[in-house]
Every structure is written in structure tokens, then in C-alpha cells.
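I have placed the structure first, in the form of C-alpha cells, so that the comments after it can refer back to it.
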Amino acid sequence: DTAVSQTPKYLVTQMGNDKSIKCEQNLGHDTMYWYKQDSKKFLKIMFSYNNKELIINETVPNRFSPKSPDKAHLNLHINSLELGDSAVYFCASSQRYTVAQYFGPGTRLLVL
Amino acid sequence: AQTVTQSQPEMSVQEAETVTLSCTYDTSESDYYLFWYKQPPSRQMILVIRQEAYKQQNATENRFSVNFQKAAKSFSLKISDSQLGDAAMYFCAFGRRQGGSEKLVFGKGTKLTVNP
């Protein structure tokens, strides 16, 4: 059973398009995150949600809009994609107050 | 703001030998956690080991152990009896609670090669 899953695993799209990445966790965690890993492998937090409430928003352009329909899901919608958005996006989850985060397999986004 | 520094972009080790990966961090917090994550070529981020800052005892997970020096703000990872499957990027991360969630700050990673 996959603990944190993301779809799709790969996404190739044109500049200016809008795309979404979905994330689901079946660990019963109440906090979920989105991270971006750039071409140099640097991993940086973008957002965190706790029980559907936005907690962390790390100066991400407002073209990125996370949505959490329930505490098991956190989707990432990106409008007007730019070349610089090409990266691997990771979803993660944790149980509140345990700090340890468990990551999904990542979604490799390539903007042409 | 917290920073995490991994000063070794690449390391290599012979199979069955021991290797130590370095990590230093900077924070004014007293309550925090430290982690090592492994990212093999499959790109999956795998939690290797964690350490609570309030614990003096160094964490151990099978062949993986840490040397946590709180005053020096150092958190190194020792891999004993290295195996080919240990080859991966290793990321050191600093974690602390922020609001209702927990924020991880990652170092830039160390690429570990294991030679047969």
C-alpha cells in the first residue's frame, strides 16, 4: 500500500498552460506539504496544510494554488506555467507534533 | 532563519567500509529536530534517521547512526558496512514546529557513491 501517492508522476506541458498535481496520503496524518526540488536537487518547502487550513506559504507566486478538500488530500494547481516551474514537486505528510515527514514519489514537471 | 550546510557535495566509499557525512546548521531555536533523508535514483525521499534536539543520546537505526553535537550545531551521519544500495543523495534537514505544522529546511545534499 502506498502511504503518500502523487499523480501524475510525469507531466510535460507548454508554457502558459494550467496544470494540477494530486496528492493523497493514507497514513491518517493531519498535515500535508508541497515541496519543490530544483535542477540542482535543492528541496524547498512551498506550502503546508493542517486539517485543510493553510499554515505555511513560503513566498510562492500566486500562480500556485494549493487546495485541500480533506485532510487526506492536498492538490497543487499551477496557472500560466513558466519555464522556471520545471522541477520535481514532492508532496509529504506528517502527524501533528511528530515533525517527521513522509514523502510521495514526486512529480517531474517539464515546461517547454 | 535556519540554514543547513552540507559541505561535501560528493563522497565515495568502498563496499563494507564506513563513511561519515557532515552537516551543520544554524538556529536560535532550542526545540527542534534533525533528520537525514536518502534520495536514490528513483527520486523517492526516504527518512533514514531522526534526532530530537532535547535528547543527548545519539540516534541509531541499524547501520545508520548520528553524531549530534548540539553546542557545535553539528549533525553527522555515519553509515557502517556500506552497501551498494546505500548509493544515493543524502539530505540533512532541520525541522521545527511552525504554527500548526512543521517546517523542514534542507541542506543541498551529498551524493554518496559506493564502490564494489
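Residue numbers (the numbering used here), protein chains in the order written: chain A, 1 to 112; chain B, 1 to 116. Ideal placement from N, C-alpha and C gives every residue a C-beta, glycine not left out. Here the structure is a predicted model, which means the values were calculated and not measured.
Query raised in the report: When we look at the beta-carbon of Ser81 of chain B and count the other beta-carbons within 10 Å, is it buried (16 or more) or exposed?
Result: Ser is not the amino acid found at residue 81 of chain B; the sequence shown has Asp there. Counting Cβ neighbours within 10 Å, Asp81 of chain B comes out exposed, since fewer than 16 surround it.
Query raised in the report: Can you tell which of B:Gly109, B:Gln2 and B:Gly100 has the C-alpha that lies nearest to the C-alpha of Ser22 of chain B?
Result: Out of B:Gly109, B:Gln2 and B:Gly100, the CA that lies nearest to the CA of Ser22 of chain B is found in B:Gly109.
Requested in this report: Can you tell me which of B:Tyr33, B:Thr3, B:Arg96 and B:Gln51 puts its alpha carbon nearest to the alpha carbon of Phe64 of chain B?
Outcome: B:Gln51
Query raised in the report: According to DSSP, which residues form a beta bridge with Phe35 of chain B?
Result: B:Arg50 and B:Ala93
Query raised in the report: chain A partners of Ala108 of chain B, CB-CB under 8 Å?
Result: In the sequence as presented, Ala is not what sits at residue 108 of chain B; that position holds Lys. Under the 8 Å cutoff, chain A gives Lys40, Lys41 and Phe42.
**Report entry** Host beta strand (DSSP E) of Phe42 of chain A (start-end)
**Finding:** Unbroken run through Phe42 of chain A: none, as it is neither H nor E.
Query raised in the report: With respect to the beta strand (DSSP E) encompassing Val60 of chain A, which residues constitute its N-terminal and C-terminal limits?
Result: That residue, Val60 of chain A, is in no beta strand (DSSP E); it is neither H nor E in DSSP.
Query raised in the report: Between the beta-carbon of Ala59 of chain B and the beta-carbon of Ile46 of chain B, is there less than 8 Å?
Result: Taking 8 Å as the cut-off, the beta carbon of Ala59 of chain B is found no closer than this to the beta carbon of Ile46 of chain B.
Report task. Compare the C-alpha of Pro66 of chain A against each of A:Leu81, A:Met46 and A:Gln101 and name the closest. Result -> A:Met46
Query raised in the report: How about Tyr33 of chain B: is its C-beta nearer than 8 Å to some C-beta of chain A?
Result: Answer yes: the Cβ-Cβ gap between Tyr33 of chain B and chain A drops below 8 Å somewhere.
Report task. Please report the residue range of the beta strand (DSSP E) in which Val102 of chain B lies. Result -> Here the sequence assigns Glu to residue 102 of chain B, which means Val is not the residue at that position. Ser101 to Phe106 is the span of the beta strand (DSSP E), which, as asked, contains Glu102 of chain B.
Query raised in the report: Quick one: any contact between the segment 67-83 of chain A and the segment 21-32 of chain A, if contact means 3 or more CB pairs under 8 Å?
Result: yes
**Report entry** Backbone CA spacing between Lys41 of chain A and Pro41 of chain B [nearest angstrom]
**Finding:** 12 Å
Query raised in the report: Are the segment 21-38 of chain B and the segment 63-79 of chain B touching by the rule of at least three beta carbon pairs closer than 8 Å?
Result: yes
**Report entry** Length of the line joining the Cα atoms of Lys70 of chain B and Ala53 of chain B
**Finding:** Each residue's alpha carbon lies about 7 Å from the other.
Query raised in the report: Among residues of its own chain, excluding the 5 on either side of Arg96 of chain B, which ones have a beta-carbon nearer than 8 Å to its beta-carbon?
Result: The answer, listed in chain order, is Gln2, Thr27, Glu29, Asp31, Tyr32, Tyr33, Glu102 and Lys103.
Report task. Could you have a look at Tyr26 of chain B and say whether DSSP puts it in helix, strand or coil? Result -> Reading off the sequence, residue 26 of chain B comes out as Asp, not Tyr. Asp26 of chain B: strand per DSSP, three-state reduction.
**Report entry** Residues bridged to Ala87 of chain A (per DSSP)
**Finding:** A:Leu109
**Report entry** For Thr13 of chain A, the first and last residue of its enclosing beta strand (DSSP E)
**Finding:** Tyr10 to Thr13
Query - Span separating the alpha-carbon of Gly16 of chain A from that of Gln83 of chain B - result: 45 Å
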